[in-house]
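Colleague: For reference, the structure I am asking about is given below.
Protein chains: 2
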Amino acid sequence: MNESRPITLQDVARAAGVSKTTVSDALSGRGRLPAATRERVAAIARELGYVANRSARNLRGGRTGAIGLYFPARTIGLEYYMDLAIGAAEEALAHDLALTLIPAPADPGRTPPPHIDGVMVSDPVLGDPMLGTLTDLRVPVVTCERDLTPGARHAGRVESDHRAGTRTLLDHLSGRGDHIALLCPGEETSFGLDIRTAYRAWCADNGREALVYDVPFVCDPEDVNHAVAEALRAPGGVGAIVSVPDGGATSAVHAALQQGRHVPADLLVASYVDSPSLRGLATPITAVDIAPREMGRRAARLLAGILAGHVAPGTVEILPTELMIRASTSH
Amino acid sequence: MNESRPITLQDVARAAGVSKTTVSDALSGRGRLPAATRERVAAIARELGYVANRSARNLRGGRTGAIGLYFPARTIGLEYYMDLAIGAAEEALAHDLALTLIPAPADPGRTPPPHIDGVMVSDPVLGDPMLGTLTDLRVPVVTCERDLTPGARHAGRVESDHRAGTRTLLDHLSGRGDHIALLCPGEETSFGLDIRTAYRAWCADNGREALVYDVPFVCDPEDVNHAVAEALRAPGGVGAIVSVPDGGATSAVHAALQQGRHVPADLLVASYVDSPSLRGLATPITAVDIAPREMGRRAARLLAGILAGHVAPGTVEILPTELMIRASTSH
DNA sequence: CCACATTGGCGGAACGTTCCTTCAACCCTA
DNA sequence: TAGGGTTGAAGGAACGTTCCGCCAATGTGG
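One line per chain: the protein sequences are A and B, in this order. Take 1 as the starting number for the first sequence in UniProt numbering and just add one per residue. Take 1 as the starting number for the second sequence in UniProt numbering and just add one per residue.
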């Protein structure tokens with residue numbers, strides 16, 4: 001029953017008959033030590049089960065050893081963000097950083113600032129007061145997607161190429177000559193903004209009328225029903241519907257059915273955000289894979305690189321998207 | 001441009017004309033100080049924007065200031081776990097603890113142990129090697145649901161009353177006299193085990209045949225299709241299907257439709273795990289709300305209490321479930 | 001054989017907190 | 001007024017690490 005305190009550098013030093021400086025240098029690769037000494041000390045450390053105390057290391061180094069991940073409140077519950085968080089945690093771990101989850105504060109006024117070396121914001125939403133709070137921490141901020149706040153400048157950014165994704169999806173749907181309706185969240189995120197912009201541009205280029213219907217970011221079936229009903233009444237006829245939000249497309253299929261339209265025979269339906277639940281349907285729904293896991297990984301890697309000093313602040317990475325064609329648009 | 005180092009206790013002490021001990025005592029409520037001094041020091045600290053350095057505090061106190069949350073790999077992507085994580089993060093923050101996400105290790109052998117004071121395991125899976133790794137950290141472990149590993153004893157546990165939830169759901173579905181099929185994940189989690197057990201007991205009590213079909217924890221529509229087809233062929237007739245996994249029920253509805261059965265006129269379908277996507281359907285699906293957010297909160301609170309010493313190790317909390325009746329079972 | 005550079009390693013300060021010990025000043029009572 | 005108890009506050013060690021500066025021993029060239 002070895003109920004003893006944890007092994008410290010000092011313990012290893014004693015066991016190895018050297019000073020704690022030597023142990024520290026040997027294990028970290030710093031200092032001027034012959035390989036023989038390094039190996040000997042490392043072997044003893046391993047044998048004793050030494051594991052460095054992070055608090056001490058962090059105190060000495062003036063860091064916290066953690067990076068944060070913030071989700072705006074409205075995004076909670078979407079599978080997308082779960083995947084992103086896991087990707088970020090994996091990558092952070094690989095860089096010897098802990099991933100701390102930062103919930104949207106119930107009390108927007110005073111919430112204790114987290115103790116972190118940097119923070120990732122997944123899908124900054126225009127007007128979210130938490131953005132200011134995080135910026136005030138004076139630590140590097142990496143955003144997933146762009147922050148539309150005027151004048152906002154962050155240490156780094158990873159963004160999906162939603163304009164290309166939108167064009168690819170629309171090209172895929174353009175087989176029928178009639179209009180394509182877009183059910184899309186608003187322009188308070190670059191996600192919504194880019195999709196809308198690309199959609200309008202595509203419509204202009206292809207001589208189609210742009211039919212945009214507002215739906216909230218987190219899908220409410222009532223709104224989808226309403227938007228679908230309205231879209232199907234559009235003059236000129238609608239041959240395809242793109243529902244952007246995660247989960248909206250299933251509602252759109254049902255709403256269309258209620259309007260007497262069959263998918264895909266009668267009407268094409270696609271989602272923009274892909275999710276496992278779209279694959280599981282009797283008629284699986286075409287969607288754009290925006291690779292949340294990879295997004296989380298990239299953001300964490302970028303932030304870790306900035307913190308370590310070998311990535312220039314201001315770096316922007318673009319993540320490609322991939323169209324997943326399924327039965328709901330096969331024609 | 002105040003590009004200075006952070007304010008320390010010493011800085012506050014100088015500004016207030018007292019010692020750092022006095023500042024520490026004043027801010028923490030310890031020591032013997034008159035209220036006047038406490039307030040004066042606190043005011044100065046606030047004015048200077050003092051915020052305690054966690055690394056130093058943790059080093060001194062021998063803690064890490066963080067608790068971990070581990071999800072087994074198979075659970076990734078489910079909305080349930082996202083909600084649970086957010087709940088846990090909120091509650092941890094309220095106890096001045098950071099919530100560190102622990103991903104399932106890609107390399108099951110050697111992964112650097114996280115630096116945490118305690119850990120929550122959401123849905124321990126029998127045979128997961130990570131359970132042993134976490135136990136070896138010698139920090140309190142709180143599980144969400146029971147750990148079925150023989151001899152496993154943890155510091156605390158929060159569990160949903162799935163047996164009651166199952167009975168309530170079955171009672172609700174029992175209006176029709178014919179059989180109720182259960183699509184359920186295996187018995188490697190207490191979740192699957194309890195639902196199966198309760199189901200069998202209920203069937204025995206109510207003179208119905210038990211029809212259990214294995215489906216994986218993360219829903220694969222093919223498996224659901226197969227299971228539904230098989231269930232509907234069962235002699236004696238099936239009047240209702242309960243699909244346990246998150247997301248399985250939508251596949252079940254479609255599979256049933258393909259077999260020529262209509263929901264709810266012809267067949268009742270319910271999910272066990274509730275999720276927003278079940279509400280969004282043309283025919284919303286009845287489910288049991290197992291309150292993931294609250295589960296996360298409770299687990300974090302329990303762990304924080306154990307760490308603080310005012311909750312006895314071994315405490316078990318039971319979380320009630322609530323049946324959400326929707327159109328898919330209205331009869 | 002001396003001057004000097006290099007190698008290998010050690011001592012100790014510093015990071016910012018908490019907490020144990022000490023101590024001066026004060027008040028009361030005998 | 002001496003003695004003891006209480007109050008208010010300070011000093012300093014300790015937590016475990018990193019890293020700067022120093023030093024002894026060893027090589028190296030003239």
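Each residue gets a CB set at the ideal place from its N, CA and C atoms; glycine is no exception. What you are looking at is a predicted structure, and each value in this text was computed from that prediction instead of being measured.
1) What are the start and end residues of each continuous alpha helix (DSSP H) run of 4 or more residues lying completely inside the region 120 to 202 of chain A, in chain order?
2) So is Val228 of chain A buried or exposed if we call it buried at 16+ other beta carbons inside 10 Å?
3) Is there a C-beta anywhere in chain A that falls below 8 Å from the one on Met120 of chain B?
4) Give me the residue from A:Asn53, A:Ile195 and A:Ala256 with the minimum Cα distance to Thr168 of chain A.
5) Is the beta carbon of Leu93 of chain A closer than 8 Å to that of Pro103 of chain B?
6) Report, in whole angstroms, the separation of the C-beta atoms of Leu173 of chain B and Thr321 of chain B, which I expect to be a contact under 8 Å.
7) Applying a beta-carbon distance threshold of less than 8 Å, which residues of chain A neighbour Glu79 of chain B?
8) I want to verify the contact list: residues of chain B whose CB lies under 7 Å from the CB of Ser55 of chain A, in sequence order.
9) Pick from B:Val218, B:Ile285, B:Asp128 and B:Glu90: whose alpha carbon is nearest that of Asp147 of chain B?
10) Taking all protein chains shown into account, decide if residue 344 of chain A is buried (16 or more other Cβ within 10 angstroms of its Cβ) or exposed.
11) For Thr286 of chain B, is the classification buried or exposed, using 16 other Cβ atoms within 10 angstroms of its Cβ as the cut-off for buried?
12) Across which residues does DSSP place Leu99 of chain A in a beta bridge pair?
13) Tell me the DSSP secondary structure of Ile325 of chain B in three-state form.
14) Quick one: measure Cβ to Cβ for Arg298 of chain B and Glu317 of chain B, integer angstroms, because I've assumed they're closer than 8 Å.
15) So, under 8 Å CB-CB, Glu159 of chain A and Leu319 of chain A are touching, yes? Tell me the CB distance rounded to an integer number of Å.
16) Using a C-beta cutoff of 8 Å, does His95 of chain B count as contacting chain A?
17) From the beta carbon of Thr8 of chain B, is the nearest beta carbon of chain A less than 8 Å away?
18) What first and last residue would you give for the alpha helix (DSSP H) that runs through Val23 of chain B?
19) Given a threshold of 16 other Cβ atoms within 10 Å of its Cβ, counted over all protein chains shown, does His154 of chain A qualify as buried or as exposed?
20) To which residues of the same chain is Phe71 of chain B closer than 6 Å at the C-beta, ignoring the five residues directly before and after it?
21) Report the three-state DSSP secondary structure of Asn2 of chain A (helix, strand or coil).
22) Against chain A, with Cβ distances strictly below 8 Å, would Arg279 of chain B count as a contact?
23) Glu230 of chain B: buried (16+ other C-beta within 10 angstroms of its C-beta) or exposed?
24) Excluding the 5 residues preceding and the 5 following Ser271 of chain B in the sequence, name in chain order all residues of the same chain whose CB lies nearer than 6 Å to its CB.
25) Just checking my contact of Pro245 of chain A with Val215 of chain A at CB under 8 Å: how many whole Å lie between their CB atoms?
26) Using a Cβ-Cβ cut-off of 7 Å (strictly less than) and excluding sequence neighbours within five positions of Val224 of chain B, which residues of its own chain qualify?
27) Between the region 21 to 40 of chain B and the region 53 to 66 of chain B, do three or more beta carbon pairs fall short of 8 Å?
28) Just checking His310 of chain B against the ligand NAP - is the residue's beta carbon closer than 7 Å to any of the ligand's heavy atoms?
29) When Cβ atoms are compared, which residues of the region 249 to 268 of chain A fall closer than 9 Å to chain B?
30) Excluding the 5 residues flanking Gly118 of chain A on each side, which residues of the same chain have their C-beta closer than 6 Å to its C-beta?
31) Among all the DSSP beta bridges, which residues are the ones paired with Thr283 of chain B?
32) For Gly17 of chain A and Asp25 of chain B, what's the separation of their Cα atoms in angstroms?
33) Would you kindly report the start and end of the unbroken beta strand (DSSP E) that includes Thr315 of chain B?
Modeller: Inspection of the coordinates gives the following:
1) For the region 120 to 202 of chain A, whole alpha helix (DSSP H) runs of length 4 or above, ordered along the chain, are 129 to 136 and 162 to 173.
2) As a working mapping, residue 228 of chain A is identified with position 228 in the first sequence. With 16 or more other Cβ atoms within 10 Å, it is buried.
3) What you label residue 120 of chain B is simply residue 120 of the second sequence in a count that begins at 1. So no, Met120 of chain B is outside the interface.
4) For the purposes of this step, residue 168 of chain A is taken as the residue at position 168 of the first sequence. Comparing Cα-Cα distances from Thr168 of chain A to each of A:Asn53, A:Ile195 and A:Ala256, the minimum goes to A:Ile195.
5) Residue mapping note: residue 103 of chain B aligns to position 103 of the second sequence, counting from 1. Residue mapping note: residue 93 of chain A aligns to position 93 of the first sequence, counting from 1. Yes, the Cβ-Cβ distance between Pro103 of chain B and Leu93 of chain A is below 8 Å.
6) Position 173 of the second sequence holds residue 173 of chain B. Position 321 of the second sequence holds residue 321 of chain B. Rounded, the Cβ-Cβ distance is 15 Å, inconsistent with contact.
7) Translated into the one-based positions of the second sequence, residue 79 of chain B becomes position 79. Residues of chain A passing the Cβ test: Gly77, Leu78, Glu79 and Met82.
8) Your numbering for residue 55 of chain A matches position 55 in the first sequence. Among the residues of chain B, those whose CB is under 7 Å from the CB of Ser55 of chain A are Ser55, Asn58, Leu59 and Thr64, following chain order.
9) For the purposes of this step, residue 147 of chain B is taken as residue 147 along the second sequence, with counting starting at 1. When each option's Cα is compared against that of Asp147 of chain B, the closest is B:Asp128.
10) Because chain A in this structure spans residues 1 to 331, residue 344 of chain A falls outside the shown range and cannot be described.
11) Locating residue 286 of chain B in the second sequence gives position 286, counting from the first residue. Buried is the call here.
12) The residue labelled residue 99 of chain A in the question sits at position 99 within the first sequence. Beta-bridge annotation (DSSP): Leu99 of chain A is paired with A:Ile67.
13) Start at 1 with the first residue of the second sequence, and residue 325 of chain B comes out as number 325. Of the three classes helix, strand and coil, the one that applies to Ile325 of chain B here is coil, per DSSP.
14) Against the second sequence, residue 298 of chain B aligns to sequence position 298. Against the second sequence, residue 317 of chain B aligns to sequence position 317. Here Arg298 of chain B really is in contact with Glu317 of chain B; their C-beta atoms are around 6 Å apart, less than 8 Å.
15) Counting from 1 along the first sequence, the entry for residue 159 of chain A is found at position 159. Counting from 1 along the first sequence, the entry for residue 319 of chain A is found at position 319. Rounded, the Cβ-Cβ distance is 7 Å, consistent with contact.
16) As a working note, residue 95 of chain B is residue 95 in the second sequence. At a cut-off of 8 Å, the C-beta of His95 of chain B has no neighbouring C-beta in chain A.
17) Within the second sequence, residue 8 of chain B is the residue found at index 8, counting from 1. With a threshold of 8 Å between beta carbons, Thr8 of chain B makes no contact with chain A.
18) Numbered from its first residue, the second sequence carries residue 23 of chain B at position 23. Residues Lys20 to Ser28.
19) Within the first sequence, numbered from 1, the residue matching residue 154 of chain A stands at position 154. His154 of chain A comes out buried.
20) Within the second sequence, residue 71 of chain B is the residue found at index 71, counting from 1. Contacts found: Tyr81 and Ser122.
21) In the first sequence, counting from the first residue as 1, residue 2 of chain A sits at position 2. Here the model assigns Asn2 of chain A a pLDDT of 47, short of 50, so the residue's position is not dependable and the matter cannot be decided.
22) Taking the second sequence and counting its residues from 1, one reaches residue 279 of chain B at position 279. Interface criterion met: the Cβ of Arg279 of chain B is under 8 Å from a Cβ in chain A.
23) As a first step, residue 230 of chain B is located in the second sequence; it is residue number 230 there, counting from the start. Exposed: under 16 other Cβ atoms inside 10 Å.
24) Position 271 of the second sequence holds residue 271 of chain B. So the list reads Ser243, Ala249, Leu278, Ile285 and Ala287, once near-sequence residues are dropped.
25) Your numbering for residue 245 of chain A matches position 245 in the first sequence. Your numbering for residue 215 of chain A matches position 215 in the first sequence. The C-beta distance from Pro245 of chain A to Val215 of chain A rounds to 6 Å, short enough to fall under 8 Å.
26) For the purposes of this step, residue 224 of chain B is taken as the residue at position 224 of the second sequence. Only Leu183, Val215, Ser243, Gly248, Ser251, Ala252 and Ala255 meet the Cβ criterion.
27) By the Cβ criterion, the region 21 to 40 of chain B is not in contact with the region 53 to 66 of chain B, since fewer than three pairs of Cβ atoms, one from each stretch, lie closer than 8 Å.
28) No copy of the ligand NAP occurs in the structure displayed, which carries no ligand at all.
29) Near chain B, meaning a CB-to-CB distance below 9 Å, the residues of the region 249 to 268 of chain A are Thr250, Ser251, Val253, His254, Ala255, Leu257 and Gln258.
30) Within the first sequence, numbered from 1, the residue matching residue 118 of chain A stands at position 118. The beta carbon of Gly118 of chain A sits closer than 6 Å to the beta carbons of Ile67, Val139, Pro140, Leu303 and Leu307 from its chain, once the five residues preceding and following it are set aside; these are given in chain order.
31) To locate residue 283 of chain B, count along the second sequence from 1; it is residue 283. None, per the DSSP bridge assignment.
32) Position 17 of the first sequence, counting from 1, holds the residue named residue 17 of chain A. Position 25 of the second sequence, counting from 1, holds the residue named residue 25 of chain B. If I take the Cα positions, the gap works out to 41 Å.
33) In the second sequence, counting from the first residue as 1, residue 315 of chain B sits at position 315. Looking at the DSSP string, the run of the beta strand (DSSP E) that includes Thr315 of chain B is Thr315 to Leu319.
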